Amino acid sequence: MSRHISSARVHAGLLCIVTIAVLISAVTALPKTKPSNSAPTQAQPAFPPPLFYMQYEYGSAVDPNTGLQWTGVWVPAPQAGPDNQDVCILWAGSQCTGLWKPTCSTPIVIWWLYCVAVLICVSPFIVYRYRLWKAARAQKATS
Numbered sequence: 000m001s002r003h004i005s006s007a008r009v010h011a012g013l014l015c016i017v018t019i020a021v022l023i024s025a026v027t028a029l030p031k032t033k034p035s036n037s038a039p040t041q042a043q044p045a046f047p048p049p050l051f052y053m054q055y056e057y058g059s060a061v062d063p064n065t066g067l068q069w070t071g072v073w074v075p076a077p078q079a080g081p082d083n084q085d086v087c088i089l090w091a092g093s094q095c096t097g098l099w100k101p102t103c104s105t106p107i108v109i110w111w112l113y114c115v116a117v118l119i120c121v122s123p124f125i126v127y128r129y130r131l132w133k134a135a136r137a138q139k140a141t142s
């Protein structure tokens, strides 16, 4: 039984390390933008969509061609500007408006994703402690 228990500890530790590494790489891989307060303008056609697990800056802009007011989130798009500079694209729901501005706040991972990661890391230890308690209880009942 001790071999099985140490194996559970190893698996739990590896799961924690992998989860933390994935979270760190997701957060550090975000594009960085330079601060500026320019008005939004029209951008190029192919842009990365917003990710469901990230929280973006909310905003609105008026399309200079149609005069329509768009409201949504500003999503960083590396090298998507007219001169291949990093910009932020306005997404309204699942539709890319094509409007851009030079900068926006850096997206952050939604809080509940951290809770899921902690739960994944802690659950093997909880299961391990439960099995120990159950084995001790069974041993006590037989003696």
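Going letter by letter, the sequence shown gives residues 0 to 142 in numbering that gives the first Met the number 0.
We put the beta carbon where it would ideally sit given N, CA and C, even for glycine.
Computed from a prediction, not measured in an experiment: that's the story for all the values here.
Query raised in the report: So what's S59 in DSSP terms, helix, strand or just coil?
Result: strand
Report task. Using 10 angstroms around the beta-carbon of P63, count the other beta-carbons present and answer buried if the total reaches 16, otherwise exposed. Result -> exposed
Query raised in the report: What residues are listed by DSSP as bridge partners for W69?
Result: A60
Requested in this report: With a threshold of 16 other CB atoms inside 10 Å of the CB of I88, please say whether the residue is buried or exposed.
Outcome: I88 comes out buried.
Report task. Enumerate in chain order the residues of its own chain whose CB-to-CB distance from C95 is below 7 Å, with the five nearest sequence positions on each side excluded. Result -> F46 and I88
Requested in this report: Helix, strand or coil for Q78, going by three-state DSSP, please let me know.
Outcome: DSSP places Q78 in coil when its eight states are reduced to three.
Report task. Tell me whether the beta-carbon of G92 lies closer than 8 Å to the beta-carbon of G66. Result -> no
Query raised in the report: If we ignore side chains and look at the alpha-carbon of each, how far apart do C114 and V126 end up?
Result: 18 Å
Query raised in the report: Which residue or residues does DSSP assign as beta-bridge partners of V176?
Result: The requested residue 176 does not occur in the structure, where the chain is confined to residues 0 to 142.
Requested in this report: List the whole-angstrom C-beta distance separating T17 from M53, where the pair is believed to meet the contact cut-off of C-beta under 8 Å.
Outcome: The question names Thr, but residue 17 is Val in the sequence shown. At roughly 20 Å, the Cβ-Cβ gap does not stay under 8 Å, so V17 and M53 are not in contact.
Query raised in the report: Where DSSP assigns a beta bridge to Q138, which residues make up the other side?
Result: Partner(s): none; Q138 has no beta bridge.
Query raised in the report: What does a CB cutoff of less than 8 Å around Q78 pick up in its chain, not counting 5 residues either side in sequence?
Result: Q84 and D85
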